[in-house]
DNA sequence: TTATCACATGAACAATTATTCATATGAAGG
DNA sequence: CCTTCATATGAATAATTGTTCATGTGATAA
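Protein chains in written order, with the working numbering: chain P, 640 to 758; chain X, 640 to 758.
What follows is the structure in structure tokens.
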């Protein structure tokens, strides 16, 4: 976290305290951390697959596991993460728990990401 | 990666091969991996801060380090990651290297993420 | 060339994390 | 009650990754 030994302190920015101004214009650290955390949740193949599987309809945990060829435990663990970030919601129906995308924000995010990936 | 010992195979999905159909509708694994990887790049506080710092104007490495109170080495390492994902571009001017956002995709992504974070 | 500045990079370490295995919870039916 | 099915969760392990430190590269100026 501390600066390295000898920074030349030679700013290329025009103006004297341009660096401080720029720093003060950044959102609070807490907000930036939450933002990074949100992206981190999307940043895992398994979770992305789960979200994609839920694109068209809600699914229960076992079905997600079968669709993705994954263990029930692993899926459940990741659903927990997705739940914590409010990316999915769920409802109970007997023994089964059905998960679905929480809102259209999720679709928008993935769609935007896809645009970049597909160049 | 292999399935767990004894899945009951009791699909809740209507229809017999609904599971296979859903699986086949998913994008290729490679694409989903790339998508996750893109989000993973956004999923780090340092890189998010760097991108934010570049929102208004291009900056050289040393200035970014000063704005974010980080070591030059750490910034450089992360710029490498951002470069590899085509989120930033750069140009050389004498000894300094100036980085800037590659396109408006980056702004859109961050803006969308912010909407979710700010509830 | 030699010295210095700005940046890049390799290695090592610490911290985070996704999966597996085993077990616990909770609902429905007998 | 007891059993079974569906899901959740805790612990342990392996793999990934961000930072630091030290050093390398490339450009400018004397």
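We treat Cβ as the ideally placed atom computed from N, Cα and C, and that holds for glycine.
Whole-Å CB distance - residue i paired with residue j, under 8 angstroms assumed
| i | j | result |
| --- | --- | --- |
| residue 700/P | residue 673/X | With a Cβ gap of about 26 angstroms, residue 700/P and residue 673/X do not count as contacting. |
| residue 713/X | residue 685/X | 7 angstroms |
Status (buried if at least 16 other CB within 10 Å, exposed otherwise) for residue i
| i | result |
| --- | --- |
| residue 743/X | exposed |
| residue 642/P | Note on residue 642/P: pLDDT 37, under 50, position unreliable in the model; the coordinate value appears next. Result: exposed. |
| residue 733/X | exposed |
| residue 647/P | Any reading at residue 647/P must be qualified, since the residue scores a pLDDT of 48, below 50, and its modelled position is unreliable; the value itself is stated next. Residue 647/P is exposed by the Cβ-count criterion. |
| residue 668/X | exposed |
Of the residues the options, the one placed nearest residue i, counting alpha carbons only
| i | options | result |
| --- | --- | --- |
| residue 707/X | 651/P, 663/P and 704/P | 663/P |
| residue 739/P | 694/P, 658/P and 669/P | 694/P |
| residue 724/X | 679/X, 698/X and 704/X | 679/X |
| residue 750/P | 669/P, 676/P, 687/P and 666/P | 687/P |
| residue 696/X | 656/X, 758/X and 729/X | 729/X |
| residue 703/X | 726/X, 731/X, 681/X and 736/X | 736/X |
Chain P contact for residue i (CB, 7 angstroms cutoff)
| i | result |
| --- | --- |
| residue 722/X | no |
| residue 703/X | no |
| residue 682/X | yes |
| residue 691/X | yes |
| residue 665/X | yes |
| residue 733/X | no |
CB contact check: residue i to chain X, cutoff 7 angstroms
| i | result |
| --- | --- |
| residue 651/P | yes |
| residue 714/P | no |
| residue 675/P | yes |
| residue 719/P | no |
| residue 661/P | yes |
| residue 672/P | yes |
| residue 728/P | no |
| residue 700/P | no |
| residue 751/P | yes |
| residue 747/P | yes |
Cutoff 8 angstroms; reference residue i; Cβ partners in own chain excluding five residues on either side
| i | result |
| --- | --- |
| residue 715/X | 700 |
| residue 691/X | 749 |
| residue 675/X | none |
| residue 671/P | 665 |
Contacting residues, own chain, Cβ-Cβ under 6 angstroms from residue i (five flanking each side not counted)
| i | result |
| --- | --- |
| residue 603/X | Residue numbering for chain X in the displayed model covers 640 to 758; residue 603/X lies beyond these limits and cannot be assessed. |
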